[in-house]
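Before any comments, here is the structure.
2 protein chains.
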Amino acid sequence: MDLEAVRTFVAVADAGQFQEAAVELAVTQQAVSKRIAALERNLGVRLFTRTPRGAQLTIDGQAFLPHARELLRVADRAVASVRAGRRPLRVDVINSRGAASGLMRDFHRAHPEIDLDVMLLFEMDTAVAAIRSGALDASFRAVGVPGRPLPPDIESVRVVDEPLQLLTGPGHALAGARSVTVAQLTGHRIWMPGIVPGTEWAAYYDDLVAEFGLTIEATGPNFGSDALLDTVADTPALATFMGEHTRLVWPADHGLRRIPVTDPTPVYPHSLLWHRDNPHPALATLRAYLAGTAADHDGTGTWTPDWTPHWTTAP
Amino acid sequence: MDLEAVRTFVAVADAGQFQEAAVELAVTQQAVSKRIAALERNLGVRLFTRTPRGAQLTIDGQAFLPHARELLRVADRAVASVRAGRRPLRVDVINSRGAASGLMRDFHRAHPEIDLDVMLLFEMDTAVAAIRSGALDASFRAVGVPGRPLPPDIESVRVVDEPLQLLTGPGHALAGARSVTVAQLTGHRIWMPGIVPGTEWAAYYDDLVAEFGLTIEATGPNFGSDALLDTVADTPALATFMGEHTRLVWPADHGLRRIPVTDPTPVYPHSLLWHRDNPHPALATLRAYLAGTAADHDGTGTWTPDWTPHWTTAP
DNA sequence: CCTTGCCACAACCAAAGGTTGTTCCAGTAG
DNA sequence: CTACTGGAACAACCTTTGGTTGTGGCAAGG
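Sequences listed follow chains A and B, in order. Here my numbering is used: the first residue of the first sequence is 13, the next is one more, and so on. Here my numbering is used: the first residue of the second sequence is 13, the next is one more, and so on.
As structure tokens, this is what we get:
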């Protein structure tokens, strides 16, 4: 299938005849005739009935037409996604099920007119480099990790604190609790196979362990969140941490429990990062939106590492 | 943009290297290299960073990738829409805002696994011919019009009665009524510029006029339903009929009123038409679904023309 | 330092896809 | 009845695209 042929097909369908479509496309009528013939040959159906006064869509052609239009739309969007200058706003949300992802969904609902490309960049260094190069517009990250200062041309603002919850299977000792304190977690095995040394979230959990003496195991290969949930559901002695806003796609009958943690509640601090000189108009809209959602912040009873940036009052 | 190049791009992104992608696509590595280079040249961005151990997506490449996948998906669906044998179920709903269209939306929600192509065929003759030729699987129509019998190989069953409502602007004499009787409508001008002589709905309205002595004007060119609604909203002396299930896309503040009609309520009878020998598996599902929705039928207090087929009890 | 694995470049060739010129066909006017 | 008009298909030709084979460059690893 050739997109040029599809474009020709739509032009002929709109014009009602080959000649006019040919003028529109700036080719000869014979070229249009050839393109349509080739498309019909590839698809194995006749798309137009040719008459001496033009071309009329067959039933097959009518069925194909909306798909053809959609195809051209999607192609245009694809090209636009990498068009220099006026491309969609590119925002990195680390992973597709976290709080940042939810924020971007809400932002999209609030501003459906803004074209977005949500991306998943694993490494913070990559994200920062991409922001500095202009290839990325913004990233949600935890910033302030000791020894890894942000370059001066990168600005950041803390936008959402995500409370961590304990996730257990039905057989876990704490499965029945409506909430647990951090002190109650000492001695329980908490398994987080996704943690990669050197990342900002590794630093976060290192601090959490150091502060409260928890037992967090990052051992074993990470087979993905499905495997993690599977294991947690089936292993009574195992639990894991999970962001409060993290969406699980999981059959309800596995009996996984989400248990709030208190005294204090560990919260994961998400900041928005962007380049000082980024001119993308939608970036300002996003920042304004996030400033609005973050207005009702109250840090009482929560914990974050020392190195996390302070909340600032919106101007 | 060339779909083959996009396909190649996705293959390379998945494989992580040109060579493996080349094997998958059954071409040489050099061909893959050329295709990617051409795609990059067309888009104006670099999609991969080439290393001696493979190819890695750039940020632009990562942004482009989901659009590329979507493009291939849509292309596949487009091809499938005209594929002989296992193409989607094609159902004609006459116009996109009527009761039949709503039924098909509900059917799609109930059976999202069934691929559908909803079509809009103006003429009944066209629809019947298409059904007989196998190019169309089903059509919603009012059947039984005198002098235009269905061919014996076309089966039909009445599936939904759509009550007609009076649509008026805020200044109309009946605008404040909670409901009106057919008798109250005599003398009021009812404007239906969409009616085309010779169609089954023209026959319906002819019978309606003959039965109750209404004043229905079909004069003037039809500039589309937007223009119709515009005129009705602004003209106190004008009203029109509209199906109860017809969805209006209209700013709420224009003050259009939908007023139920009683004593009796004129209902427009939609039947499903299909070919006796049509083997499409989804057609049976659709018929079963419609038989289910039509179960709660009660014709008391309604009117349809004499020639409309009777409701049959589902087997 | 050499081997290995992978990608880019060059030369070549077949085929796709464009152009011009022409034919065919069905309404329509004379 | 015939000639004309407008529109699509066919034929011949040519350019350009996109494939192949052959070769060179480059970084990682033994």
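We put the CB at the ideal spot given by N, CA and C, even for glycine.
Exercise for the section: Can you give me the start and stop residues for the beta strand (DSSP E) that A/A150 sits inside? Expected result: A150 to R153
Exercise for the section: Please confirm if B/T325 has its CB atom under 8 Å from at least one CB of chain A. Expected result: For B/T325, the predicted model reports a pLDDT of 49, less than 50, meaning its position is unreliable and no value from the coordinates is stated.
Problem - Length at least 4, wholly inside the region 200–228 of chain B: the alpha helix (DSSP H) runs in chain order - result: Along the region 200–228 of chain B, the alpha helix (DSSP H) occurs as fully enclosed runs of 4 or more residues at 212–224, listed in sequence order.
Exercise for the section: From the DSSP output, read off the bridge partner residues of B/E174. Expected result: B/Y280
Exercise for the section: Could you tell me if the beta carbon of A/P321 falls within a distance shorter than 7 Å of some heavy atom in the ligand ATP? Expected result: Of the ligands one can find in the structure shown there are none, so the ligand ATP has no counterpart to examine.
Exercise for the section: Taking 8 Å as the cut-off, decide whether the C-beta atoms of B/D118 and B/V279 are in contact. Expected result: no
Practice task
Return helix, strand or coil for B/T312, following the three-state DSSP convention.
Solution key: Three-state result, B/T312: coil.
Exercise for the section: Could you spell out the range, first to last residue, of the beta strand (DSSP E) harbouring B/D127? Expected result: Here B/D127 belongs to no beta strand (DSSP E), and DSSP marks it neither H nor E.
Problem - Straight-line Cα distance separating A/V192 from A/P272 - result: Whole-angstrom Cα-Cα distance: 6 Å.
Practice task
Alpha carbon to alpha carbon, how far is A/A67 from A/Q29? Give it in angstroms, no decimals.
Solution key: 5 Å
Practice task
Return the CA-CA distance between B/I228 and A/R53, expressed in angstroms with no decimal places.
Solution key: 49 Å
Exercise for the section: Starting from A/L241, trace the alpha helix (DSSP H) both ways and give me its first and last residue. Expected result: S237 to D246
Exercise for the section: Let me know if A/F134 comes out buried or exposed under the rule of 16 or more other beta-carbons within 10 Å of its beta-carbon. Expected result: Exposed, by the Cβ-count rule.
Problem - A/G313 versus A/L197: straight-line alpha-carbon distance, rounded - result: 17 Å
Exercise for the section: Quick one: using the 10 Å Cβ neighbour count with 16 as the cut-off for buried, is A/V336 buried or exposed? Expected result: This structure gives no information on residue 336 of chain A, because the portion of chain A shown stretches from 13 to 327.
Practice task
Tell me whether B/T297 sits in a helix, a strand or coil according to DSSP, three-state version.
Solution key: helix
Practice task
Could you tell me whether the Cβ of B/M13 comes closer than 8 Å to any Cβ of chain A?
Solution key: yes
Problem - Nearest neighbour of B/V155, chosen from B/D149, B/S168, B/S145 and B/I143 [CA to CA] - result: B/S168
Problem - Interface partners of B/V136 on chain A, CB under 8 Å - result: Residue 136 of chain B is actually Met in this sequence, not Val. Identification of chain A residues near B/M136 by a Cβ-Cβ cut-off of 8 Å yields none; the smallest Cβ-Cβ distance measures about 14 Å.
Practice task
Return the residue from the list A/W315, A/I48 and A/A300 that minimises the CA-CA distance to A/A122.
Solution key: A/A300
Problem - alpha helix (DSSP H) segment containing A/D104, residue limits - result: Taken as a continuous stretch (DSSP letters only), A/D104 belongs to no alpha helix (DSSP H), being part of the beta strand (DSSP E) at L101 to D104.
Handout entry: Touching by the beta-carbon criterion (3+ pairs, under 8 Å), the region 82–102 of chain B and the region 77–90 of chain A
Key = With the cut-off at 8 Å, the region 82–102 of chain B and the region 77–90 of chain A touch.
Practice task
Could I get the ranges of all uninterrupted alpha helix (DSSP H) runs contained in the region 49–114 of chain B, with 4 residues as the minimum, in chain order?
Solution key: 71–92
Handout entry: Reduced DSSP secondary structure (H/G/I, E/B, other) of B/V169
Key = strand
Handout entry: Closest residue to B/T231 among B/L250, B/D310, B/F224 and B/R190 (Cα-Cα distance)
Key = B/L250
Practice task
Return no unless some Cβ of chain B is closer than 8 Å to the Cβ of A/D299.
Solution key: Reading the sequence as shown, one finds Arg at residue 299 of chain A and not Asp. It does not; no Cβ of chain B falls within 8 Å.
Practice task
Kindly say whether A/Q29, judged by its beta-carbon, lies nearer than 8 Å to any beta-carbon of chain B.
Solution key: no
Exercise for the section: For A/M131, go through chain B and note every residue whose CB falls closer than 7 Å to its CB, in chain order. Expected result: Per Cβ cutoff of 7 Å: Q74 and A75.
Practice task
Please determine, among A/F224, A/T247 and A/P293, the residue with the shortest C-alpha to C-alpha distance to A/T328.
Solution key: Nothing about residue 328 of chain A can be reported from this structure: the residues present for chain A run from 13 to 327 only.
Problem - Residues sharing a beta bridge with B/V192, DSSP - result: B/V273
Exercise for the section: Return no unless some Cβ of chain A is closer than 8 Å to the Cβ of B/A151. Expected result: The sequence shown places Ser at residue 151 of chain B, not Ala. Chain A, which has no Cβ nearer than 8 Å to the Cβ of B/S151, makes this no.
Problem - CB-CB length for B/L69 against B/A34, believed under 8 Å - result: Between B/A34 and B/L69 the Cβ distance is about 17 Å, and since that is not below 8 Å, they are no contact.
Problem - Which residues DSSP lists as bridging A/F253, in chain order - result: Note: A/F253 sits in a beta bridge opposite A/L178.
Exercise for the section: Could you pull out every residue in the same chain whose Cβ sits closer than 7 Å to the Cβ of A/S93, ignoring the five residues on either side in sequence? Expected result: Close CB contacts of A/S93 within its chain, under the 7 Å cut and outside five residues either way in sequence, are with R99, P100 and D129 (chain order).
Practice task
Identify, in the order they occur along the chain, each residue of the same chain with its Cβ nearer than 7 Å to the Cβ of B/Y216, setting aside the five sequence neighbours on each side.
Solution key: A154, Y280 and P317
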